[in-house]
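**Student:**
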Amino acid sequence: MKVWRCMVCGYEHEGEAPPETCPICGVGPEEFMIKNNGVNRQSTAIKRWKCTVCDYIHTGDEPPESCPLCGVGKELFVLLEEKYSELDLQVIADTDLNTLRAALNKISYGLYIITSIKENKHNGMCANTVFQLTDNPPRIAVCVNKNNLTHDYIEYSGVIAISILGREHMPAIKHFGHRSGRKSDKFAEVDYLPAANGCPILRDCIAYLEAQIIPEKTTDVGTHTLFVADVTSGRTVQNEEELTYAYYRQNR
Ligand SMILES: Cc1cc2nc3c(=O)[nH]c(=O)nc-3n(C[C@H](O)[C@H](O)[C@H](O)COP(=O)(O)O)c2cc1C
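Here my numbering is used: the first residue of the sequence shown is -13, the next is one more, and so on.
1. Would the beta-carbon of VAL217 be found less than 6 Å away from any heavy atom of ligand 1?
2. For ARG(-9), count neighbouring Cβ atoms within 10 angstroms of its own Cβ and tell me buried if that reaches 16, exposed if not.
3. Excluding the five sequence neighbours on either side, which residues of its own chain have a C-beta within less than 6 Å of the C-beta of THR204, listed in chain order?
4. Would you kindly report the start and end of the unbroken alpha helix (DSSP H) that includes HIS44?
5. Which term fits TYR98, buried or exposed, when burial requires 16 or more other beta carbons within 10 angstroms of its beta carbon?
6. Just how far apart, CA to CA, sit GLU154 and VAL223?
7. Among all the DSSP beta bridges, which residues are the ones paired with ARG221?
8. Do the CB positions of ASN114 and TYR231 come within less than 7 Å of each other?
9. Do ILE100 and MET111 have their beta-carbon atoms positioned less than 7 Å apart in this structure?
10. Let me know if SER102 comes out buried or exposed under the rule of 16 or more other beta-carbons within 10 Å of its beta-carbon.
11. For ARG189 versus TYR178, is the C-beta spacing smaller than 7 Å?
12. What are the partner residues of CYS129, as DSSP defines its beta bridges?
13. Since LYS60 is in the beta strand (DSSP E), which residue starts that stretch and which ends it?
14. Do VAL128 and HIS137 come within 7 Å of each other at the CB atom, strictly closer than that value?
15. Please confirm whether any heavy atom of ligand 1 lies closer than 6 Å to the CB of GLY167.
16. Report the three-state DSSP secondary structure of LYS203 (helix, strand or coil).
17. When you compare only the Cα positions, how much space is there between VAL25 and LYS(-12)?
18. Excluding the five sequence neighbours on either side, which residues of its own chain have a C-beta within less than 8 Å of the C-beta of PRO201, listed in chain order?
19. Can you look up ARG189 in the DSSP assignment and give me helix, strand or coil?
20. Does ligand 1 have a heavy atom nearer than 6 Å to the CB of ILE199?
21. Between which two residues does the beta strand (DSSP E) holding GLY110 run?
22. Could you check whether SER219 and CYS191 sit closer than 7 Å to each other, using their CB atoms as the reference points?
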């Protein structure tokens, strides 16, 4: 019997096809992924669990009842990754949401502060989804959650600046990425300069870009907007190593 897993809420359905709608969260069959292809066998996966309090790593199908280092319960363990002794069709068919997320975490990113302006106000947020689309013309895309204040500012002004971060900028991730400019002025105690388009750039960034949004190429992608923008100016400020998402995860 095939097992189908709802990608939204995790509900599992047994049958030849996914259900018309998920009885738990109501989404359609397109949100279901096959979990086992009708073959029941021992998984070849090796799971690693990390204690979110002390970073202790445990290997096994389940997290330990309690952490041997700091003593917290298994609910404070997160699945870090699954390693497979071999990749075969059954392993591919066994993919579930956690496995898929762990694989998505293997995509490499840099980390950036995207800023924009609205009238005489400015704001910025941390983002990993900044990437170059074309070299000629120099064109980039940034993917921004519609709930973010920076999203409102970008829609309003059509201009952005990107401060490219180095490894020294770990505190900036928290500052710009863990709270919204709706609650406080994030630039109140930050050393910045206005770019030619008016958006703030961090004075100690390792490089910056200024860009103009192209509305007709910008796309609604659900929770986020994928803004496409032409780069109008940019400069390397310091020859330091770029901060990657992987480095941030390992050292936060
Ligand atoms: C490491 C990291 C990466 C992030 N990447 C993105 C991203 O690519 N897109 C996005 O919309 N939000 C991203 N965020 C979340 C925003 O930075 C966060 O929601 C921020 O508080 C929004 O601020 P604002 O409301 O002032 O615009 C990221 C946060 C962190 C910590």
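All C-beta atoms, glycine included, are put in the ideal place defined by N, C-alpha and C. Remember, it's a predicted structure, so these values are computed and weren't measured experimentally.
**Tutor:** If we stick to the structure as given:
1. no
2. buried
3. PHE213 and VAL214
4. Run containing HIS44: none in the alpha helix (DSSP H); it sits in the beta strand (DSSP E), 43 to 45.
5. buried
6. 14 Å
7. TYR194
8. yes
9. yes
10. buried
11. yes
12. LEU212
13. No beta strand (DSSP E) contains LYS60, which DSSP labels as neither H nor E.
14. no
15. yes
16. helix
17. Confidence in VAL25 is poor, its pLDDT being 48 and thus under 50, which makes the residue's placement unreliable; the coordinate value appears in the next sentence. Taking the straight line from one Cα to the other gives about 8 Å.
18. GLY144
19. coil
20. no
21. 107 to 113
22. no
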